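Structure record follows, encoded as structure tokens.
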Amino acid sequence: MALGSLLSKLAGGGAAPTIEHDDFCRVVADKSCAIVDVREPHEYGAGHVPGAKNMPLSSFDPTKLPKGDVVLICQAGGRSAKALAQAQGAGRKDLRHYAPGTGGWRASGGAVE
1 MALGSLLSKL AGGGAAPTIE HDDFCRVVAD KSCAIVDVRE PHEYGAGHVP
51 GAKNMPLSSF DPTKLPKGDV VLICQAGGRS AKALAQAQGA GRKDLRHYAP
101 GTGGWRASGG AVE
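Going letter by letter, the sequence shown gives residues 1 to 113 in full-length UniProt numbering.
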């Protein structure tokens, strides 16, 4: 299921801008949208969700996000929530963040590269 479909499904209920674990697993598996890791390069280099691109929060520019649907991730959800707020402030509406972060992804058995 594409993130756009997930966003449509969630939009009606005023849901928080997060993506649930099962939906995130589908996004990772089918590469249906961009995944942006906002951790610092040394953290990203130590292991990241397959296919994720690095855009550290310390130099985050929402205008440089990929076009289309994007999921933001960090270590535990705090930085991705901040990046999400910045991007929403810049007018982006096609974003979610994965609140459990890379730590939660790993704890749930998710692979890293």
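For glycine and all other residues, C-beta sits at the position ideal for the given N, C-alpha and C.
Only a predicted model underlies this, so the values are computations on that prediction, with no experimental measurement involved.
The DSSP-derived three-state label of Lys64 is helix. DSSP, read as helix, strand or coil, puts Lys82 in helix.
Rounded to the nearest whole angstrom, the CA to CA distance from Lys53 to Ile73 is 10 Å.
Taking 9 Å as the cut-off, the beta carbon of Cys33 is found closer than this to the beta carbon of Val71. Around the beta-carbon of Pro100, 16 or more other beta-carbon atoms lie within 10 Å, marking it buried.
Taking the CA atoms as reference points, Lys93 sits about 30 Å from Ala46.
In this structure, the alpha-carbon of Glu43 lies about 8 Å from that of Gln75.
Going by DSSP, Arg96 is part of no alpha helix (DSSP H) but of the beta strand (DSSP E) stretching over 95-97. His97 and Arg79 have their C-alpha atoms spaced approximately 10 Å apart. In the DSSP assignment, Val70 falls within the beta strand (DSSP E) that extends over 70-73. Less than 9 Å divides the Cβ of Pro50 from the Cβ of Val112.
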